[in-house]
Amino acid sequence: MYIQYRKRNSAGFSLIELIIVTAIIAIIAAIAVPNLITARRTAQESSAIAMVKSLVKAEGMYFSSYGNQSTYGTLNELASRNCIDPLLVTEARNYYTFQVNLTTPITYNIQATPGADMATQMRHFYGDETGIIRQAQGTAATASSPPIN
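If you read the sequence shown in the working numbering, its first letter stands for residue 312, the second for the next number, and so on.
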């Protein structure tokens, strides 16, 4: 029985070469994917912080311009006076939903809550008339939560 061997200069890759390339790609993916997920979460949290700051400024503008310096506004009132984007009232922004609670006519708090499936993995944010943005990991932030850095 005669067995032909492949010539050294023939085209194509051997099985071992393909396995090595596949292993290298798998190692690169194992390193890159967690970093990409972390970067995405950080970007979403940064966007939420910026939106809470924007809402604090909008509340200050509403208080001095439309509230006769005696009351703050709800999200609907802020949107109706063009202090904020009206879509913020009905839609989540970068995976966060925002809520304004008027605790008294001259105090308020803003809650930024991540989507339900990531609520324990992402930070929650809180803002109020003091202008200090606070954070909590995995649970709703409050006035006693630590401020963001």
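Even glycine gets a Cβ: it sits at the ideal position worked out from N, Cα and C.
| Check | Outcome |
| --- | --- |
| Euclidean distance between Cα positions of Val332 and Ser325 | 11 Å |
| Contacting residues, own chain, Cβ-Cβ under 7 Å from Ala354 (five flanking each side not counted) | none |
| Gln448 vs Phe436 beta-carbon contact at 7 Å | no |
| Beta strand (DSSP E) segment containing Arg352, residue limits | Arg352 -> not in any beta strand (DSSP E); alpha helix (DSSP H) instead, spanning 326–376. |
| Endpoints, the beta strand (DSSP E) within which Ala447 is located | 445–448 |
| Within 7 Å, strictly: CB atoms of Thr441 and Thr424 | no |
| For Ile336 and Leu329, the rounded distance between their alpha carbons | 11 Å |
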